[in-house]
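Residue numbers (my numbering), protein chains in the order written: chain A, 3 to 378; chain B, 361 to 821; chain C, 4 to 94.
Here's the structure, in structure tokens; my notes come after.
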Amino acid sequence: MTTPREADVLVIGGGGAGCSAALHLARRGAHVVLLERGLVGSQASGSNYGGVRQQGRHPAELPVAKRSHELWKRLPQLIGTDCEFVQTGHLKLARSEAEAAELAAYLDVARSHALELQLLGRAMLRARYPWLGPSVVAASFAPGDGSANPRLLAPALAQAARESGAAILEHTAVTACHHGGGRFLLETAAGPFTAPRLLNTAGFWGGQLAASFGEPVPIRHLTPNMMVTEPVPYFIRPNIGVAGGGVYMRQIPRGNIIIGGGHGTGDPSVPMSRPSPEVTLQVMQRAVALVPDLAGVSVIRSWSGIDGILPDKIPVVGPSLTTPGLFHAFGFSGHGFQLGPAIGAILCELALDGRTETPLDGLSIGRFARAALPVG
Amino acid sequence: MRVAVVGAGPAGVRAVGQLVRAGLHPLWIDEAPDGGGRIYQRPPPGFRRSPQALYGLEARKATALHAALDALKPRADWRPDTLVWNIATHPGRLNLMRDGVATEQGFDAAILCTGAMDRVVPVPGWTRPGVTTLGAAQIALKAQGCAIGQRVALVGSGPLLWLVAYQYLRAGAGLAAVLDTTPFRRKLQALRGLPHDPATLAKGLFYVTRLRAAGIPVAEGATPLAIEGEAPDVVAALRWRDAAGREHRLECDAVGLGWGVRPELQLADLAGVPIGFDPVQHNWVPQRDLTGRTPVAGIYLAGDGAGIGGAAVAELAGARAAQALLADAGLPVDTALVARLERRLLRQARFRTALERAFPFPAHLAAAMPDETILCRCESVTAGELRAAAAPDGPHGASPEVNRAKAFTRIGMGRCQGRVCGAAAAEVLAARLGCDTAAIGRLRGQPPVKPLPIPQPEAAP
Amino acid sequence: MRLVRLTDQDRPEIRFVFEGQEVTARAGDTLLTAILAGDGGFLRTSEFGDGPRAGFCLMGACQDCRVFVEGQGRVRACTTPCAPGLRVRRA
């Protein structure tokens with residue numbers, strides 16, 4: 003048998019979280035090897051909507067989101083490119099009084115996490131965004147939020163990690179995973195690798211990896227239905243969501259409008275995913291109801307990708323409860339893009355220091371272990 | 361059983377003919393109002409040129425095809441002006457769009473006859489108004505009675521170059537020159553294979569001879585360098601280099617460009633048909649056999665969309681694919697017809713190979729494109745930007761294949777989805793990385809196949 | 004760019020509006036022909052600052068001939084028939 007290549011930390015999965023972890027670890031001088039089955043940023047990290055948003059997040063996620071936000075603002079210093087991150091603000095729309103009440107309720111959450119958020123009534127909305135349709139009755143605006151280009155983040159993090167000494171191995175699937183004597187041994191087509199610490203940043207497939215260490219989680223695959231229009235004059239400045247979901251959109255200064263909502267179809271075992279034509283048509287209709295000026299603008303491309311979603315729609319982040327040296331960050335449930343940069347920093351601290359300042363309460367994999375215990 | 365045929369060019373017409381003859385009533389969809397495809401496109405009502413004037417030596421074939429098309433329309437579920445923007449299999453579904461209204465149609469078997477479009481190599485200045493494909497130059501004349509300019513330069517290679525030149529000559533259009541980028545000796549070497557179809561060979565020689573006799577400047581082994589003009593919306597000249605290495609400036613007000621054609625294979629791709637690189641055609645082509653069957657049950661391909669063969673092959677292949685579909689459905693098959701079709705298809709395939717060797721895609725021209733050339737005209741991405749994205753020391757790492765390059769640079773990401781620039785982009789990338797074109801891959805098909813307009817908002821309840 | 008009307012042009016004249024000016028075309032013209040055989044010169048301006056465009060493939064594939072028609076939105080000029088009274092702008 004080939005002698006395994008030694009590393010300080012092995013990372014499985016080259017999405018935003020894994021690439022960011024490789025970067026932070028390499029910058030701390032650790033010998034890190036990242037193993038990616040395809041190209042970095044191929045699945046959820048590269049095919050998502052590109053929202054960089056704190057507004058509306060689950061309170062358990064907000065500390066990570068806030069830390070990530072600081073990293074997003076410093077991307078040029080950190081990795082030499084901004085990945086087209088722009089702070090346009092995030093505008094969450096309400097189409098009914100019930101949805102408006104939902105937005106108002108989140109103000110308390112925002113206040114307790116020092117997240118700037120403004121509630122806008124109908125008149126203010128009309129004055130600021132005259133292109134909004136009549137169905138919109140209120141909105142909340144988070145001025146610090148924005149968006150970025152999802153196709154660039156994971157590759158840019160990976161490139162910066164490489165330059166700092168990390169080994170980023172693409173087209174290198176992990177075929178077997180062993181643990182014993184305080185070390186992990188991974189078998190791949192590029193030969194075996196061993197290290198005392200392992201990071202599970204394998205997205206949807208992180209669920210299988212966790213299960214192989216005796217920590218199964220009820221993860222399902224998520225295939226967001228995404229589309230983009232032809233370029234039209236720039237008029238939608240903020241990143242737009244709606245209370246209750248179903249449609250979200252942002253326009254980039256080049257003019258294209260990226261619209262998401264609903265789900266496509268996919269098979270993680272291939273892996274393959276594709277958008278659903280019915281959903282594309284439905285979401286076009288939802289989008290034009292919010293912004294009537296979209297009528298007559300053409301959609302030129304649609305796509306999907308595979309993410310993992312957990313029942314409480316927040317990820318698993320933190321140490322394994324069965325296996326010392328194993329750290330999880332997967333199941334981002336459709337909002338991992340914004341979190342990626344901070345997740346890498348947090349995993350680096352967990353792997354090298356055994357602790358992190360960022361509260362991870364509520365994100366532990368243990369929440370599923372407890373639920374799985376027989377009652378009584 | 362529910363059978364769908366997409367496309368009403370030579371392949372689609374002959375496929376539907378066989379299906380109708382077998383007693384089926386296929387769903388038949390075409391983007392044009394009147395069918396006919398591109399090669400035998402008819403002008404709108406009100407035009408009065410004779411088939412001889414419109415189609416020249418192909419007039420008889422065109423007339424026969426139009427007669428068949430018109431006779432079949434009432435015997436099929438004919439849907440003109442309709443875009444198929446997405447396809448799914450198992451179960452089979454087509455997503456249609458007509459006049460802004462989206463509908464869906466199920467199918468058990470489908471024959472995709474999606475045709476081809478010009479294959480181009482960007483030349484500096486090619487986005488200027490006045491520069492079109494060779495196919496466009498032909499369509500302007502055929503379907504609208506117009507030339508693309510007063511003094512037209514035609515540049516490229518392949519049978520279409522000479523055909524369009526001859527048609528322009530006959531119509532009395534001003535021709536500045538015909539510049540063939542293929543060296544004469546290359547064509548001569550490949551002529552050995554051409555006698556498989558003496559008629560086509562004779563046609564080609566006839567066109568060239570007539571052009572020379574009319575005093576039209578003709579060059580072989582030419583290299584286009586740049587299309588220039590003072591104002592941004594006109595063409596004033598084409599700079600080019602002759603086979604001996606001398607540079608010339610040709611005054612012209614329009615340029616037609618084209619190097620053969622490439623399959624429109626987006627629907628086959630979305631249907632899951634494997635797509636492979638054909639080194640002889642230098643094209644990505646969907647996998648299918650001589651009968652038109654693909655590895656995807658219920659999906660058949662015919663015509664140029666299944667790999668370039670030309671109009672005559674398309675007619676044969678359309679009929680053959682319909683017979684394959686009938687056989688697979690357990691319906692009676694015309695075995696004598698099948699044998700005849702296959703014999704002729706095999707003979708045509710040998711001829712085609714010789715033709716491709718005579719007019720090879722000028723990969724070297726694409727590879728040598730100056731950095732400042734706009735490569736992707738939808739997204740305005742230059743060749744230099746693509747080359748920079750391929751470099752391993754770029755801010756996002758290397759682009760070892762074309763979809764990654766698309767992700768980094770937006771090449772092929774625009775309204776045409778890489779139809780126009782994809783072939784040339786792959787050559788630029790392959791040359792930059794020093795690898796084979798096949799290894800660069802191809803731009804993945806993504807729905808919608810063509811832009812899909814967002815409808816008016818529904819009235820509030 | 005100016006298309007040259009060569010043959011088959013004895014069709015009835017029709018009038019439409021391009022960029023606010025009433026102009027003449029012929030029944031059976033596509034919007035592309037109607038604009039470019041007149042004084043239109045070009046159909047659109049690239050969104051990315053690299054100049055005017057006037058279509059390229061004329062067969063509905065390249066999508067580079069989009070114009071704005073009142074009541075229809077953005078359409079391909081090469082596959083859209085010109086009709087009397089249309090109000091067309093560059094897109």
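We treat Cβ as the ideally placed atom computed from N, Cα and C, and that holds for glycine.
If you're wondering where the values come from, they're calculated on a predicted model, not measured in any experiment.
If you check the CB distance, V373 (chain B) and A428 (chain B) come in under 8 Å. Straight across, the Cα-Cα distance linking H756 (chain B) with A168 (chain A) is about 15 Å. Interface criterion met: the Cβ of G298 (chain A) is under 8 Å from a Cβ in chain C. A Cβ-Cβ separation of about 5 Å places A631 (chain B) in contact with I659 (chain B) under the 8 Å criterion.
Distance between V244 (chain A) and G135 (chain A), taken at the CA atoms: about 13 Å. Within chain C, the residues placing a beta-carbon under 7 Å from that of R408 (chain B) are D11, ordered along the chain. Taking 8 Å as the CB threshold, P404 (chain B) lines the interface with chain C. Here the alpha carbons of V91 (chain C) and R14 (chain C) stand approximately 21 Å from one another. The C-alpha of E73 (chain C) is placed about 45 Å away from the C-alpha of K315 (chain A). Contacts with chain B (Cβ-Cβ distance below 7 Å) from the region 237-258 of chain A involve no residue at all. Counting C-beta pairs closer than 8 Å gives three or more between the region 136-150 of chain A and the region 88-101 of chain A, which meets the contact rule. Fewer than three Cβ pairs drawn from the region 37-50 of chain C and the region 523-535 of chain B lie within less than 8 Å of each other, which leaves the two stretches out of contact. Within the region 505-519 of chain B, contact with chain C at the beta-carbon level (separation under 8 Å) is assigned to G505, C506, A507, I508, G509 and Q510. The C-beta distance from A80 (chain C) to T33 (chain C) rounds to 7 Å, short enough to meet the 8 Å contact threshold.
Annotation: Cβ neighbours of M477 (chain B) in chain C (cutoff 7 Å, chain order): C60, M62 and A64. Excluding residues up to 5 positions away in sequence, P220 lie with their Cβ nearer than 6 Å to the Cβ of P313 (chain A) in the same chain. In this structure, R479 (chain B) and V621 (chain B) form a Cβ contact; the two beta carbons are roughly 6 Å apart against a cut-off of 8 Å. Under the 8 Å Cβ criterion, the region 491-505 of chain B does not count as touching the region 378-391 of chain B, having fewer than three qualifying pairs. By the 16-neighbour rule on beta-carbons within 10 angstroms, W522 (chain B) is buried. Using a CB distance cut-off of 8 Å, P233 (chain A) counts as an interface residue toward chain C. Of the candidates B:V594, B:A579, B:W619 and B:A476, the residue whose Cα lies closest to the Cα of A603 (chain B) is B:A579. Below the 9 Å Cβ cutoff, chain B contributes Q504 and C506 as neighbours of A40 (chain C), in chain order.
Chain C places no beta carbon closer than 8 Å to that of I668 (chain B), leaving this residue out of the contacts. Non-local C-beta neighbours of G184 (chain A) in its own chain, meaning closer than 8 Å and more than five positions away in sequence, comprise P198, P326 and G327, ordered along the chain. At a cut-off of 8 Å between beta-carbon atoms, T492 (chain B) makes contact with chain C. Restricting attention to beta strand (DSSP E) runs no shorter than 3 residues, the region 291-330 of chain A encloses them at 300-305, 309-311 and 318-321, ordered along the chain.
Taking C-beta separations shorter than 7 Å and ignoring five residues to either side along the sequence, the partners of Q683 (chain B) in its chain run Q378, V693, D694, L697 and V698, following chain order.
Less than 8 Å divides the Cβ of A726 (chain B) from the Cβ of A784 (chain B). Considering only A:I238, A:L80, A:S300 and A:C350, the residue with the shortest C-alpha distance to G76 (chain C) is A:S300.
Between V249 (chain A) and A289 (chain A), the CB-CB gap stays under 8 Å. The region 111-154 of chain A contains, as complete beta strand (DSSP E) runs of 3+ residues, the segments 120-122 and 140-144 (chain order).
Residue range T267 to D269 is occupied by the beta strand (DSSP E) that includes G268 (chain A). F143 (chain A) sits buried, since 16 or more C-beta atoms from the chains shown fall within 10 Å of its C-beta.
One Cα belongs to S49 (chain C), the other to M729 (chain B), and the distance between them is close to 21 Å. For G76 (chain C), the nearest CB of chain A lies under 8 Å from its own CB, placing it at the interface with that chain.
Residue state for S44 (chain A) is assigned as coil, using DSSP reduced to three classes.
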